[in-house]
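Chains as they are written, first to last, in this note's numbering: chain A, 79 to 283; chain B, 79 to 283.
Even glycine gets a Cβ: it sits at the ideal position worked out from N, Cα and C.
What follows is a short report on a single structure.
Number of protein chains: 2
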Amino acid sequence: NIPIASVERVAKYIRCLKHLQKKGEEIVSSKKLAEHTQVTPEQVRKDLSYFGKFGKTGTGYNIKKVVKRLSNILKGRKNWNVCIIGAGALGTALSRYQGFKSAGYNIVALFDKDPEKIGKKIGSAEVYDIKKFSDITKKKDIKLAIIAVPAESIEEVEEYIAKSQIKGVLNFVPVTLNFNTKRKIAIIEVDLAQKLYILSYLTKK
Amino acid sequence: NIPIASVERVAKYIRCLKHLQKKGEEIVSSKKLAEHTQVTPEQVRKDLSYFGKFGKTGTGYNIKKVVKRLSNILKGRKNWNVCIIGAGALGTALSRYQGFKSAGYNIVALFDKDPEKIGKKIGSAEVYDIKKFSDITKKKDIKLAIIAVPAESIEEVEEYIAKSQIKGVLNFVPVTLNFNTKRKIAIIEVDLAQKLYILSYLTKK
Ligand SMILES: NC(=O)c1ccc[n+]([C@@H]2O[C@H](COP(=O)([O-])OP(=O)(O)OC[C@H]3O[C@@H](n4cnc5c(N)ncnc54)[C@H](O)[C@@H]3O)[C@@H](O)[C@H]2O)c1
Ligand SMILES: NC(=O)c1ccc[n+]([C@@H]2O[C@H](COP(=O)([O-])OP(=O)(O)OC[C@H]3O[C@@H](n4cnc5c(N)ncnc54)[C@H](O)[C@@H]3O)[C@@H](O)[C@H]2O)c1
């Protein structure tokens, strides 16, 4: 059972390693990986040790092997079908973001209640009526949902999610979620204001 | 000089503490704060020790005092003026997000090159011509910029930023930034795909 703090850092390592891979690099030292992600080399080695024994040559880790193993363990499957609830400004931006697709997360549906938006195509996915949430998420094997609706719509969305087979939720709405179901639903909250706190700290010092 | 990993956790603590404050709570134990942010109580106490001596009663920390001190140190000033470069789907969503304002980060301008967007009001800020970037950021005392343009526009935006007085940048574009200037510019990259890696790990186990 890997500590969540390690999982969070490993997501950063994967991104950094894929970036190095694109530049044609094949080996990386724990020192270099540490510098790119602002942790210590010891922390990098400790985090990676949760994911198995990586044969370390004199010069470092084999990037291809490490990316493959870390991604497999974090993702569990090669591709995930993801939906976005709320086809507004944020939902639209997320639906078009290529970074999800290149990480193996395919946005295959959006849901909204606005008749002006239902039926539209955004990115490579269609906007469906939220009333059809359960049917469509089941049909398209969607287990993950991104929530991007106004705060006042949260209770209604919680109900649709509870009655579906969604297992994980990425929540952008500044409200604590509660699902009226016995099924375990993983929740990650995103608050971009946290990034600005960190940025102002780095800027002022 | 506080380790960046601590600064990142402290941004989470602030958010959690403000949430408890809203619920009317006045004291919090390091155990409770740890549970809410998925770290150990020891880590909480160690992180807070970088920010000063917090008189700890038998039951815990005074929420009001801790939020005030952590925010002051992370922010350095009560309010920051922030601009968004790129008034597209993502830029629009960020401009309307109330979470920035309640943390003391005021979106006071957006910049774009599309004549259809220049002059529009989004959230409580106006969209200006990117050509006027230097003048307007100087006039409005803007030190932080959020970048939300397509990848192909990055070089042009880097030049505008280098020639301005921007000191910190929150970058949503999946490109490594380089600024042709001696001035130190803090950079934080956001890649929401990382959140999905963590979510799929939590979902599958
Ligand atoms: N956490 C962050 O960092 C962050 C950043 C930006 C925005 N946000 C949040 O994201 C949310 C969306 O922001 P936005 O600017 O895209 O808003 P928006 O108003 O542009 O879009 C909201 C969309 O949700 C739809 N909707 C409303 N009720 C619905 C329901 N019951 N079922 C399905 N769809 C419904 C609307 O029709 C609309 O299309 C807001 O809650 C905002 O606070 C968070
Ligand atoms: N990191 C993440 O998690 C994440 C998530 C979503 C989107 N994104 C990225 O954010 C960026 C914006 O996405 P979007 O969906 O809002 O795109 P968009 O096409 O809707 O908006 C881009 C805007 O930038 C403007 N623009 C283009 N060139 C410009 C220039 N030189 N100066 C000023 N403005 C300029 C366009 O006119 C447009 O208004 C993309 O690079 C996308 O990959 C990142």
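- In the DSSP assignment, Ala-264/A falls within the beta strand (DSSP E) that extends over 264 to 267.
- Nearest to Glu-267/A by alpha-carbon distance, out of Gly-246/A, Lys-146/A, Gly-177/A, Lys-282/A, is Gly-246/A.
- In the three-state DSSP reduction, Tyr-91/B falls in the helix class (H, G or I).
- Proximity of the beta carbon of Glu-237/A to ligand 1 is not indicated: no heavy atom of the ligand is located closer than 7 Å.
- Scanning its chain for C-beta atoms nearer than 7 Å, with the 5 sequence neighbours on each side dropped, one finds around Gly-130/A the residues Arg-147, in chain order.
- At a threshold of 7 Å, Ile-208/A counts as near ligand 1, since its beta carbon sits closer than that to one of the ligand's heavy atoms.
- The residue from Asn-258/B, Lys-216/B, Gln-121/B with its alpha-carbon nearest to that of Ala-83/B is Gln-121/B.
- Interface with chain B (8 Å Cβ-Cβ cutoff): Arg-93/A is included.
- Between Ile-80/A and the set Lys-110/A, Ile-151/A, Val-145/A, the nearest pair of CA atoms involves Ile-151/A.
- Apart from sequence neighbours up to five positions away, the residues of its chain that approach Leu-248/B with a beta-carbon distance below 6 Å are Ile-224, Ile-266, ordered along the chain.
- Looking at Lys-273/B, Leu-280/B, Lys-282/B, Thr-281/B, the one whose alpha-carbon comes closest to that of Tyr-91/A is Lys-273/B.
- Residues of the region 248 to 260 of chain B with a C-beta less than 9 Å from any C-beta of chain A: Leu-248, Phe-250, Pro-252, Thr-254, listed in chain order.
- Just so you know, the alpha carbons of Phe-211/A and Ile-162/A end up roughly 11 Å apart.
- Residue pairing for Ile-224/A: DSSP places it in a beta bridge opposite Ile-162/A, Leu-248/A.
- The closest heavy atom of ligand 1 lies 7 Å or more from the beta carbon of Ile-220/A.
- By the Cβ criterion, the region 99 to 115 of chain A is not in contact with the region 138 to 145 of chain B, since fewer than three pairs of Cβ atoms, one from each stretch, lie closer than 8 Å.
- Distances from the CB of Ser-231/B to the heavy atoms of ligand 2 include at least one below 7 Å.
- Under the 8 Å criterion on CB atoms, Ser-242/B is classed as non-interfacial with respect to chain A.
- Residue range 119 to 127 is occupied by the alpha helix (DSSP H) that includes Asp-125/A.
- For ligand 2, no non-hydrogen atom lies closer than 7 Å to the CB of Gly-154/B.
- CA-CA distance, Ile-105/B to Ile-232/A, rounds to 29 Å.
- If you ignore the 5 residues before and after Ile-220/B, its C-beta comes within less than 6 Å of the C-beta of Asn-159, Cys-161, all in its own chain and listed in chain order.
- Listed in chain order, the non-local C-beta contacts of Lys-179/B below 8 Å within the same chain comprise Ile-185, local neighbours out to five positions each way being set aside.
- Nearest neighbour of Tyr-128/B by Cα position, chosen from Val-88/B, Thr-118/B, Ala-167/B, turns out to be Val-88/B.
- When CB distances to chain A are screened at a threshold of 7 Å, the residues of the region 114 to 125 of chain B falling below it are Gln-116, Val-117, in chain order.
- Per DSSP, the continuous beta strand (DSSP E) segment holding Val-205/B begins and ends at 203 to 207.
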